[in-house]
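See below for the structure under consideration.
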Amino acid sequence: MKSVQYPTPDDQLPAEEWLCQWDGEWEVRDEAGSKPEAERGRHDLEERLLQFSVRIIRLTEELPTTRAGNHIAAQLLRAGTSPYPNHGEAQAAESMKDFIHKLHVSLKELREAHRWLRLIQRLPLLEPSTRLDQLIDESDQLVRIFAASIRTARKNS
7 MKSVQYPTPD DQLPAEEWLC QWDGEWEVRD EAGSKPEAER GRHDLEERLL
57 QFSVRIIRLT EELPTTRAGN HIAAQLLRAG TSPYPNHGEA QAAESMKDFI
107 HKLHVSLKEL REAHRWLRLI QRLPLLEPST RLDQLIDESD QLVRIFAASI
157 RTARKNS
């Protein structure tokens, strides 16, 4: 993960912030290499979903090319990558009802991905690893975030 920093014009970013390449993507970073507080809060869930999708794709590429491995890989790939674009759809929802519905679609897919990950771990289709454990934990955290968001949105609608 190489970071290359370039100063940006003053009219685009505060002087203490830089535009950096981070894992192939350009991001705003402060002098310490961290995302500014406003950027962290605004894009944290979106970034987590994107990173979750990337990790799911990489994991499915490692599954064995057996009947079971191929089936589980296809299902996990579909369920594990769809929350990211569905979250984008929720951000563009036309009503609160539409917003809740799209969050619910993401929640259902995250729950499904969580189950596929647990199955991979239980069989085991891959060697036990902290990476798989971390992915299972992340899917659980994302399920909790989406469930809480749906409860809050329903309460406020």
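Going by this note's numbering, the final residue of the sequence shown carries number 163, and the count climbs one at a time with no gaps.
Glycine residues also receive a C-beta, built at the ideal position from the N, C-alpha and C atoms.
Kindly indicate which three-state DSSP category residue i falls into: helix, strand or coil?
i: L132; result: coil
i: D50; result: helix
i: E67; result: helix
i: T87; result: helix
i: E100; result: coil
i: T72; result: coil
i: S163; result: coil
Less than 6 angstroms between C-beta atoms, sequence neighbours within five positions excluded: which residues of the same chain meet that for residue i?
i: T66; result: A79, L82, L83
Excluding the five sequence neighbours on either side, which residues of its own chain have a C-beta within less than 7 angstroms of the C-beta of residue i, listed in chain order?
i: W122; result: I78, Q81, L82, A85
Can you check whether the CB of residue j is closer than 8 angstroms to the CB of residue i?
i: L132; j: L69; result: yes
i: L116; j: L148; result: yes
i: M102; j: S59; result: no
i: S112; j: A96; result: yes
i: D55; j: P89; result: Here residue 55 is Leu; the residue named in the question, Asp, does not match the sequence. In this structure, P89 lies closer than 8 angstroms to L55 by Cβ.
i: L129; j: R61; result: no
i: L51; j: I156; result: no
Identify, in the order they occur along the chain, each residue of the same chain with its Cβ nearer than 8 angstroms to the Cβ of residue i, setting aside the five sequence neighbours on each side.
i: D146; result: H120
i: A159; result: M102, F105, I106, L109
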